[in-house]
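Undergrad:
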Amino acid sequence: MTMHGTLANEAVLLHHRPDGLPTPDCFEAVSQSLPALGDGKVRCRTHYISLDPYIRSVIAGNHMGHGIGPGEVVPGETVAEVVASHHPDWPEGTQVRCPGGWQQFSDHLPEALHRLPTGLSRPSLALSVLGMPGLTAFAGMHRLGEVASGDTVVVPAAVGGVGALAGQLGRLAGARTIAITSGEEKCRIAVEELGYSACIDRARDDVAAALSELAPDGVSLYFDLVGDPLLTTVSQQLAVGGRVILCGLMGDYNGAQKTTGPPPGLWIGKRATVKGLVVYDFEHERLEFERRYTPLVEDGSIRANEECHPGLSSAPDAFCRLMRGENTGKVVVELAQAAAS
Ligand SMILES: NC(=O)c1ccc[n+]([C@@H]2O[C@H](COP(=O)([O-])OP(=O)(O)OC[C@H]3O[C@@H](n4cnc5c(N)ncnc54)[C@H](OP(=O)(O)O)[C@@H]3O)[C@@H](O)[C@H]2O)c1
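Going by our numbering, the first residue of the sequence shown is number 267, and it counts up by one from there.
1) Tell me whether residue 407, by its Cβ, gets closer than 8 Å to a heavy atom of ligand 1.
2) Of the residues 449, 303, 441, 597, which one's Cα is nearest the Cα of residue 468?
3) If you measure between the beta carbons of residue 538 and residue 509, is that distance less than 9 Å?
4) Looking at the structure shown, is residue 526 part of a helix, part of a strand, or coil, going by DSSP?
5) Does the pairing of the stretch 352-366 with the stretch 384-404 give three or more beta-carbon distances under 8 Å?
6) Reducing DSSP to helix, strand and coil, say where residue 463 ends up.
7) Can you find a heavy atom of ligand 1 that lies under 8 Å from the Cβ of residue 422?
8) Using CA atoms only, rank isn't needed, just tell me which of 559, 518, 532, 583 is closest to residue 286.
9) Start and end of the beta strand (DSSP E) containing residue 310?
10) With residue 484 and residue 503 assumed to form a contact (beta carbons below 8 Å), what rounded beta-carbon distance in angstroms separates them?
11) Return yes when the C-beta of residue 544 is under 8 Å from any heavy atom of ligand 1, and no when it is not.
12) What I want to know is whether the C-beta of residue 319 ends up closer than 8 Å to one or more non-hydrogen atoms of ligand 1.
13) With DSSP as the reference, label residue 281 as helix, strand or coil.
14) Would you call residue 544 buried or exposed, if buried means 16 or more other Cβ atoms sit within 10 Å of its Cβ?
15) Let's test the definition: count the other Cβ atoms within 10 Å of the Cβ of residue 370 and tell me whether it reaches 16, buried, or not, exposed.
16) Alpha carbon to alpha carbon, how far is residue 444 from residue 475? Give it in angstroms, no decimals.
17) Hey, would you say residue 343 sits closer than 9 Å to residue 315, going by beta carbons?
18) Can you find a heavy atom of ligand 1 that lies under 8 Å from the Cβ of residue 557?
19) Given the structure, does residue 519 come close to ligand 1, in the sense that its CB is under 8 Å from one of the ligand's heavy atoms?
20) Buried or exposed, going by whether 16 or more other CB atoms sit within 10 Å of the CB of residue 375?
21) Consult DSSP for residue 387 and reduce its assignment to one of helix, strand or coil.
22) Could you give the uninterrupted runs of the beta strand (DSSP E) lying entirely in the stretch 466-516, keeping only those of 3 residues or more?
So, in structure tokens, the structure goes:
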């Protein structure tokens, strides 16, 4: 823990920007010495790191106008514990959510810190079903998609961070929910664990044919997390008056394709409503979201589907698996709970 008398901080830096799919050698593990804690700042020890697809754009240098370069700590949201504090509102021992990144310790001004929802059986829930991915699912299904009983909802990336809750919110609203995912095991999770009405295996099935069989009256709500070719395939099978929520472009992030979507005439013909979603617009709803859904997660009415990797050193490989679409749930990394100093 100490390095030449000072506190050491294990960290993972960006080594070089990926070209296509990221590989573990794009990242570099280092041990850095921690500076003295600055005035008014709070030092946090990381317990869990959230790995999210948007980090692919961040390390490419172009996430909504922001990015990092080689030599910088890979960013990411974390659940952490305050281990030293120069601020009275954030005493040692407080559990927080903060942008700690891929490292053991991070220093913050109080504005960057958020308390965890009370009553969590597992702190990582604040990064998954009750965190940013969960809020995204809530915003897409309820605020923009206005899901209701009688809807036929299609969710791709159906068992991942956003999709796993989106499908469950659809079911709880009384909708018929169709998962699109890849592989037998993910289809099993979708139907048996997350309660989707049906599942299409995009790696094996003819998605268009399966959809016309499963949704003969058309899809009334498509929560798009992946872009083309699924965006076009599902849009072709929209019901009249269908809604499309554009939220993610998994198929594009590694640079192999550029989603263009269906010709607009198709949406015109279906009298479709198409809305773009940016979760930051719903930050003001986060506390209410946590208050409403924490009891449902804790009593098992909503299932948290997490894929947890042990140790900071597992982060590069886990992130690369996520970007290859091999994850089977919301990806988090759990750091060893060592003594603070
Ligand atoms: N707009 C916003 O504010 C916002 C906020 C959060 C997340 N998002 C977006 O939501 C999406 C899901 O994020 P997440 O964190 O929940 O990730 P995730 O679903 O846990 O992981 C990504 C999944 O995408 C699927 N996938 C990968 N490549 C694909 C491809 N070429 N075509 C179709 N599916 C592919 C894979 O699932 P299967 O094997 O199941 O197909 C993979 O497991 C991402 O696009 C993310 O950027 C947007």
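Glycine included, C-beta positions come from ideal geometry on N, C-alpha and C.
Quantities reported herein were computed from a predicted structural model and do not represent experimental measurements.
TA: Here's the rundown:
1) no
2) 449
3) yes
4) coil
5) yes
6) coil
7) yes
8) 518
9) 308-316
10) 6 Å
11) yes
12) yes
13) coil
14) exposed
15) buried
16) 14 Å
17) yes
18) no
19) yes
20) exposed
21) coil
22) 485-490, 504-512
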